[in-house]
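Asker: Residue 51 in numbering that gives the first Met the number 0 sits at position 52 of the sequence shown; the count goes up by one each step and never skips. For reference, the structure I am asking about is given below.
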Amino acid sequence: MKKGMILILGLAGICLAACASDISQKYAFSLVEPAISESTAMQDETLRIIITPGVYEIGLLIDNLVWEPVFINWNDARYIDPDGKTQRLIHRGIKLQDKEVPQASGKIRPRESLDELIIPFDKIKQSMEGWYIEHLFDGYENRTPGFEFGIVLPVQTKAGKSEYHLKVKATRK
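Structure, rendered in structure tokens:
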């Protein structure tokens, strides 16, 4: 029985890995804001942020480059979909059914990293079977050869508050 369960979990993991890479096989992603870049990474004197779009969520790797803590205000963080609609998002550790519950700020210790996943509110659905996440870019893939989406990350440092406005362009390969 244990071997069967391990096999099922292993196969599920392989499927999830294949699904996550599916979007990157169809599209090349590049940053168009705050500056144009062939990658999905940006860096300033405080943070380095790398965006990794997936089928169901968006990965964020945030490196704190300073010698003081940095706080991400998840309650005010936003996702801007390819139609320009702005919506709240949740991050890893928040249960799908708790998407309306206020989220605590995330602390990134000095010179450390935060590896995070974000999911836009509109993609979190409930059915008779339970909560699930819709594909992020369904519909956009079929009607356009490319699309853009954005992320707004409010950040608090010792120097004050700021917002990172990140826009990513997807171009069909």
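Here a beta-carbon is modelled for each residue, glycine too, at the ideal position from N, C-alpha and C. Source: prediction; values computed, not measured.
#1: Should Gln102 be labelled buried (16 or more other beta-carbon atoms within 10 Å of its own) or exposed?
#2: Is it the case that the Cβ atoms of Leu165 and Ile93 are separated by a distance below 9 Å?
#3: Whose C-alpha, out of Asp114, Lys98, Asp97, is nearest the C-alpha of Gly105?
#4: Going along the chain, which residues of its own chain have a beta-carbon closer than 7 Å to the beta-carbon of Leu59, five neighbours each way excluded?
#5: If you reduce the DSSP assignment to three classes, tell me which class Ala17 lands in.
#6: Note down, in chain order, each residue of its chain lying with its Cβ closer than 6 Å to the Cβ of Phe146, except the 5 sequence neighbours on either side.
#7: In angstroms with no decimal places, state the Cα-to-Cα distance between Lys124 and Ile22.
#8: Measuring alpha carbon to alpha carbon, tell me which of Val65, Pro52, Asp121 ends up nearest Lys25.
#9: Please determine, among Asn63, Arg91, Lys122, Val54, the residue with the shortest C-alpha to C-alpha distance to Lys84.
#10: Please list the terminal residues of the continuous beta strand (DSSP E) segment that includes Ala40.
#11: Counting C-beta neighbours from all protein chains within 10 Å, is the total for Leu6 16 or more, i.e. buried, or is it exposed?
#12: Leaving out five residues before and five after Pro144 in sequence, what residues of the same chain have Cβ atoms less than 8 Å from its Cβ?
#13: Exposed or buried, Tyr78, counting other C-beta atoms within 10 Å across all chains shown (16 or more means buried)?
#14: Got a sec? Which residues, its chain only, sit under 6 Å from Ala16 by beta carbon, not counting five neighbours each side?
#15: Please identify the residue among Gln96, Asn72, Glu37 whose C-alpha is closest to the C-alpha of Trp130.
#16: Suppose you measure from the CA of Gly149 to the CA of Glu128; what does that come to, to the nearest Å?
Answerer: If we stick to the structure as given:
#1: By one-based count along the sequence shown, residue 102 stands at place 103. Buried: at least 16 other Cβ atoms inside 10 Å.
#2: Taking the first residue of the sequence shown as position 1, residue 165 is located at position 166. Taking the first residue of the sequence shown as position 1, residue 93 is located at position 94. Going by C-beta atoms, Leu165 is not nearer than 9 Å to Ile93.
#3: Residue numbering aside, residue 105 sits at position 106 when the sequence shown is read from its first letter. When only C-alpha atoms are compared, the closest one is Asp114.
#4: Taking the sequence shown and counting its residues from 1, the one referred to as residue 59 is at position 60. Ile48, Ile50, Glu115, Ile117.
#5: Position 18 of the sequence shown, counted from the start, is the residue given in the question as residue 17. With a pLDDT of only 41 at Ala17, under the threshold of 50, the placement of this residue in the model should not be trusted; the figure read from the coordinates follows. DSSP places Ala17 in helix when its eight states are reduced to three.
#6: Reading the sequence shown from its first residue, position 147 is the one you call residue 146. Within the same chain, Phe146 has close Cβ partners Pro81, Tyr139, Ala169.
#7: Taking the first residue of the sequence shown as position 1, residue 124 is located at position 125. Taking the first residue of the sequence shown as position 1, residue 22 is located at position 23. When rounded, the distance between both Cα atoms is 21 Å.
#8: Reading the sequence shown from its first residue, position 26 is the one you call residue 25. Checked all of Val65, Pro52, Asp121; the closest Cα to Lys25 is Pro52.
#9: To locate residue 84, count along the sequence shown from 1; it is residue 85. Here the closest residue by C-alpha is Lys122.
#10: Taking the sequence shown and counting its residues from 1, one reaches residue 40 at position 41. Segment 40-42, the beta strand (DSSP E) holding Ala40.
#11: On the sequence shown, residue 6 is found 7 positions in, with the first residue counted as 1. Residue placement at Leu6 is flagged as unreliable, the pLDDT there being 37, under the threshold of 50; the coordinate-derived value follows with that caveat. Exposed, by the Cβ-count rule.
#12: Walking along the sequence shown from the start, residue 144 turns up at place 145. The answer, listed in chain order, is Thr170, Arg171.
#13: The count along the sequence shown starts at 1 and reaches residue 78 at position 79. It is buried - the Cβ of Tyr78 has at least 16 other Cβ atoms within 10 Å.
#14: Numbered from its first residue, the sequence shown carries residue 16 at position 17. Low local confidence applies: a pLDDT of 42 at Ala16 is under 50, so the model's placement there is unreliable, with the coordinate-based value given in what follows. Taken in chain order, the list of residues that qualify is empty.
#15: By one-based count along the sequence shown, residue 130 stands at place 131. Among Gln96, Asn72, Glu37, the Cα nearest to that of Trp130 belongs to Gln96.
#16: In the sequence shown, residue 149 corresponds to position 150, counting from 1. In the sequence shown, residue 128 corresponds to position 129, counting from 1. If I take the Cα positions, the gap works out to 31 Å.
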